[in-house]
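According to UniProt numbering, the sequence shown is numbered sequentially starting from 1. Working notes, beginning with the structure itself.
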Amino acid sequence: MSLFAPYRYRSLPHNDSIRILRIIPNGQRDAPIRCAMGTRRLSELTPPYEALSYTWGDASDRVTIHIGDGDGDTQLMVTRNCFSALKNLRQSDCPRAMWVDAVCINQEDDEERSHQVRMMERIYATAVRTVVYLGEETPSSRILFADLARTANGPFKRSDRATDTWEPDRPAPDANVLSALEALLDRPWFYRIWVVQEVYVSDQNSMLVMCGAETAAWKMLYHCLHGYQAATLAINRSAAPGVLTPGRFYNRNETPTWWNLWRALDSTRPCLATDPRDKVFALRALLGPGNVNLDYLIDYSKSLETVLAEVAEYLLLSIGLVLLLASRHSHSRTGLASWAPDWSQTKPLWGLDAFGGIVRRLMNNTPKRYVDARPDDFSFSFSNTLEYSPGILRVDGWRIGSITGMGTAFKFNGINDANQQLTSIRNATRRLNRDEKITKDDVFPSQINHHGIISALNLLTTVEMRQLFGRGVAASGTEDELHSMTLDWLAGREGTWTIQEAERHLNDCKFFVVGESFIGIAPEGTRESDLVFIVKNAYFPCILRQAPAGRWHLISGDCYLMDLDQEVGCKEVQFSVGGIWDGPGIDGLSEEQPEKLEIC
Numbered sequence: 001m002s003l004f005a006p007y008r009y010r011s012l013p014h015n016d017s018i019r020i021l022r023i024i025p026n027g028q029r030d031a032p033i034r035c036a037m038g039t040r041r042l043s044e045l046t047p048p049y050e051a052l053s054y055t056w057g058d059a060s061d062r063v064t065i066h067i068g069d070g071d072g073d074t075q076l077m078v079t080r081n082c083f084s085a086l087k088n089l090r091q092s093d094c095p096r097a098m099w100v101d102a103v104c105i106n107q108e109d110d111e112e113r114s115h116q117v118r119m120m121e122r123i124y125a126t127a128v129r130t131v132v133y134l135g136e137e138t139p140s141s142r143i144l145f146a147d148l149a150r151t152a153n154g155p156f157k158r159s160d161r162a163t164d165t166w167e168p169d170r171p172a173p174d175a176n177v178l179s180a181l182e183a184l185l186d187r188p189w190f191y192r193i194w195v196v197q198e199v200y201v202s203d204q205n206s207m208l209v210m211c212g213a214e215t216a217a218w219k220m221l222y223h224c225l226h227g228y229q230a231a232t233l234a235i236n237r238s239a240a241p242g243v244l245t246p247g248r249f250y251n252r253n254e255t256p257t258w259w260n261l262w263r264a265l266d267s268t269r270p271c272l273a274t275d276p277r278d279k280v281f282a283l284r285a286l287l288g289p290g291n292v293n294l295d296y297l298i299d300y301s302k303s304l305e306t307v308l309a310e311v312a313e314y315l316l317l318s319i320g321l322v323l324l325l326a327s328r329h330s331h332s333r334t335g336l337a338s339w340a341p342d343w344s345q346t347k348p349l350w351g352l353d354a355f356g357g358i359v360r361r362l363m364n365n366t367p368k369r370y371v372d373a374r375p376d377d378f379s380f381s382f383s384n385t386l387e388y389s390p391g392i393l394r395v396d397g398w399r400i401g402s403i404t405g406m407g408t409a410f411k412f413n414g415i416n417d418a419n420q421q422l423t424s425i426r427n428a429t430r431r432l433n434r435d436e437k438i439t440k441d442d443v444f445p446s447q448i449n450h451h452g453i454i455s456a457l458n459l460l461t462t463v464e465m466r467q468l469f470g471r472g473v474a475a476s477g478t479e480d481e482l483h484s485m486t487l488d489w490l491a492g493r494e495g496t497w498t499i500q501e502a503e504r505h506l507n508d509c510k511f512f513v514v515g516e517s518f519i520g521i522a523p524e525g526t527r528e529s530d531l532v533f534i535v536k537n538a539y540f541p542c543i544l545r546q547a548p549a550g551r552w553h554l555i556s557g558d559c560y561l562m563d564l565d566q567e568v569g570c571k572e573v574q575f576s577v578g579g580i581w582d583g584p585g586i587d588g589l590s591e592e593q594p595e596k597l598e599i600c
C-alpha cells in the first residue's frame, strides 16, 4: 500500500492560468522524481518555463512521480515515457520549470482539458523554449548527436538560398550519419499529431531536441536533414515528417479559416493520435486568426462521431460537395453519415491539394480588400444550392452504371514492396502496349487479372495508361511535380519519391470496370453492383450503394473514372463550368435529367 495520497488537482484561478511543474534537482540519476506544482497566467511574464513536446507512449505502462505543493507529498501516475523525459530533464543543481501536458492538465476533467487545448498555441508560444524529447539514447542516436554537436561548433556561412540566413559550412552528412538520422526519424514522435502544432508555434531557433540525456539544437537537426548545404532533403522517406517542413502552413493569415482547416486536415492525415478526436483538436494553431470561431469543435465531452459530424457540416457550408473528395475511403461509424469524412483515418488521399489550385485561382480573382476585411466570410458560393438536413444530403446525380468487375486491392508493405508490385504491373501494362497477343492462359498480377480490366487496358495508349495510373495527372506538363514524377516512374524512370506517390495513388484501392465503357480506380471497400454516379457540384465521380428507404450510402467521393469511347479516344471524366463543377463531361449525359439522390 502506498504511503502517499494521490495528487488532487485544484481548479485553475484564471481563464488564462496554466500549471507549471518544477522538477526538484537531484544529482543521482535513479533517484525518485520529485516535483512541485504551481500556476501562472499566460498574460503575465513570470515565472518563465519550458514546454515539453514528447509522446505519451503506452498508457497502461505507468510509474509514479511525487508532487509536493504545500500539503505534503502526493503521488501521480505518469506513463513511462513521460517519466523518462522528466528524469532526463532533471538538473543536478537547480529546479527546472516545465509545462508537461499529461501532468499540468487534469486529464480527468473534460472541461479543463478542452479549455487548455484551446490555449495550446499560447502555451508553446509563451514558453522560453520548447524541448523535444524523442526517447532514450541508442548507439545510432549517439552517432547523430555527435555529428550535430560538431556542426553546432563548426563554421557557418551566409546561405545562398535565403537572405539573412546562415547555414553550416561543411560537407553533407556521411552514410553513417544518414543511417542514424533515418533511425531517429522512425521514432513515434515524428508521426504524432500534436507535435505539428507544437513545433509550428515554437521558436525554432531556441528549441532543443533530446535523446536520453543527449541534447542538440533543433536547427542543427533541421540542417542535417537538409544535407547541410544541399537544397533538398538528405534522405528520402515514405512519410517525411511534416514537423521538419513547417513552411506548408505559412501564410495562414492570408487565407480563410475553412481553407486552413481543409489543408491542415489533409496535410496531417498520416499523423497518429491516441485519442482520434485530437486529429481535429490538435490543428487549432494552424487555422489562422479565425481559429477562435472553431473553438466550439474542441470539446472532450463530445463523441468522435459528433466531432466529425460538426467538422463535416462546417466544411460543407464552406466548400459544398467538394467535401466528398475527403471520403475516398468509406467508414462504418455508427451515427455518422456516410458522406461525412472520417478524419481519424490515415489512409492516403489525393485531390484535396489539387482543389487548392482552383481555390488559389479564385482567390486571386477576388478583391483582396474583401479577403483582408472578412476572411471567414470569403467563399465561392459552393453551398448556395445545398440541400441537407442532419445526416441526409440531397444531391442531383447522373447514373453512369453498375460496377461489373474489379481487381484485387493494392496493399503495399513499405516502399520496397510497392516497388516490386508496381514493377510487375508496369511490365504487364508494357506488354499490353506492345499489342502482344493475350491468351486465356496468361496470368497477370491480381490487381489487373480480370478480363474486363485487361480488355480496357488493352484499349489505352501509353499516355492514357500513365494517366490512369496517375489518377488523371497529365503525362507531361503537370503543375504538380510529385505527381509528374509518379508518371515518370511508371514510364520506367525510377526514383524513390515517384514510388511514394504511386503508393499514395493506389494503396488500398483497386481497378474496376463498368461494362465495356469505363475503367476506374475505387477504394478497397467497393463491391460489384455498386453504382457510379456523376454528382452535380462534386469534384470527382462518386460510388454509391443502395440503402434502406430508397436512400444511398457513399462508398467513395473520390472515384477516378476514364471513358473508353474509342471514337474520340479514351479520356478521364471531367466536368466543369467556369471553374466550378456543375455538370458531367460525358457526351450527351448532360442532356438527361439527373436523379434526385438522398445520401445518408
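No residue lacks a Cβ here, since even glycine has one placed at the ideal position from N, Cα and C.
Rounded straight-line distance, which links the Cα of residue j to that of residue i
| i | j | result |
| --- | --- | --- |
| V513 | A522 | 10 Å |
| D295 | W258 | 13 Å |
| S43 | L89 | 26 Å |
| G470 | W343 | 24 Å |
| V63 | T126 | 29 Å |
| residue 612 | V195 | Since the first residue shown for the chain is 1 and the last is 600, residue 612 is missing from the structure and cannot be characterised. |
| R170 | R158 | 12 Å |
| A564 | I415 | Note that residue 564 is Leu in the sequence shown, not Ala. Taking the straight line from one Cα to the other gives about 32 Å. |
| I425 | P445 | 7 Å |
| E112 | C104 | 11 Å |
| I392 | A549 | 12 Å |
| G27 | R34 | 12 Å |
| V322 | I143 | 48 Å |
| S484 | D101 | Here the model assigns S484 a pLDDT of 48, short of 50, so the residue's position is not dependable, and the following value carries that caveat. Approximately 42 Å between the Cα atoms of the pair. |
| P139 | R187 | 14 Å |
| T151 | E182 | 18 Å |
| residue 601 | V395 | Any property of residue 601 remains undetermined from this structure, which presents the chain solely from 1 to 600. |
| R10 | V78 | 18 Å |
| P270 | E254 | 26 Å |
| I599 | S332 | 15 Å |
Cross-strand partners of residue i (DSSP beta bridge)
| i | result |
| --- | --- |
| residue 644 | One cannot answer for residue 644 here, as it falls past the ends of the chain, which runs 1 to 600. |
| H553 | R545 |
| H226 | Bridge partners of H226: none, in fact. |
| M465 | None; M465 has no bridge partner. |
| Y560 | I521 |
| K510 | A522 |
| G38 | I20 |
| M210 | Y133 and T215 |
| F410 | N507 |
| A5 | T74 |
| F533 | R399 and C542 |
| G405 | V513 |
8 Å contact criterion, which residue i and residue j should meet: CB distance rounded
| i | j | result |
| --- | --- | --- |
| A285 | E121 | 4 Å |
| E313 | C211 | So it is not a contact: roughly 43 Å between Cβ atoms. |
| L86 | I65 | 7 Å |
| E50 | V131 | 5 Å |
| S327 | S556 | 7 Å |
| N458 | G407 | With a Cβ gap of about 15 Å, N458 and G407 do not count as contacting. |
| T400 | I534 | Residue identity differs from the one stated: residue 400 is Ile in this sequence, not Thr. With 8 Å as the limit, I400 and I534 qualify as a contact, their Cβ atoms being about 6 Å apart. |
Nearest to residue i (by Cα), restricted to the options the options
| i | options | result |
| --- | --- | --- |
| D174 | S159, Y228, Q204 and S206 | Y228 |
| I18 | T55, M98, K87 and G397 | M98 |
| T55 | I105, I193 and A418 | I193 |
| P256 | R80, L315 and I123 | L315 |
| Q204 | M220, N260, Y191 and I519 | M220 |
| L325 | V535, L317, F540 and T268 | F540 |
| V209 | L3, L244, L317 and L21 | L244 |
| K347 | N153, L544 and K411 | K411 |
| Q345 | R545, S330 and T334 | S330 |
| K510 | L181, F533, I453 and H553 | I453 |
| Q116 | N260, D16 and S318 | D16 |
| A217 | I20, R129, T404 and V573 | R129 |
| W262 | E214, V311 and E305 | V311 |
| Y7 | L76, H14 and A36 | L76 |
| R5 | G38, T74 and D61 | Per the sequence shown, the amino acid found at residue 5 is Ala instead of Arg. Taking only the C-alpha atoms, the option nearest A5 is T74. |
| P276 | G288, N253 and S303 | S303 |
| L349 | N427, E254, Q421 and E503 | E503 |
| L531 | G525, N537, Q546 and L12 | Q546 |
Q.
Just to confirm the assignment: which complete alpha helix (DSSP H) runs, minimum length 4, are found wholly within the UniProt domain "Heterokaryon incompatibility" (49-198)?
A. 80-89, 101-104, 110-118, 120-126, 139-153 and 175-185
Q. What are the complete alpha helix (DSSP H) segments, minimum 4 residues, inside the region 249-324?
A. 257-267, 278-281 and 304-319
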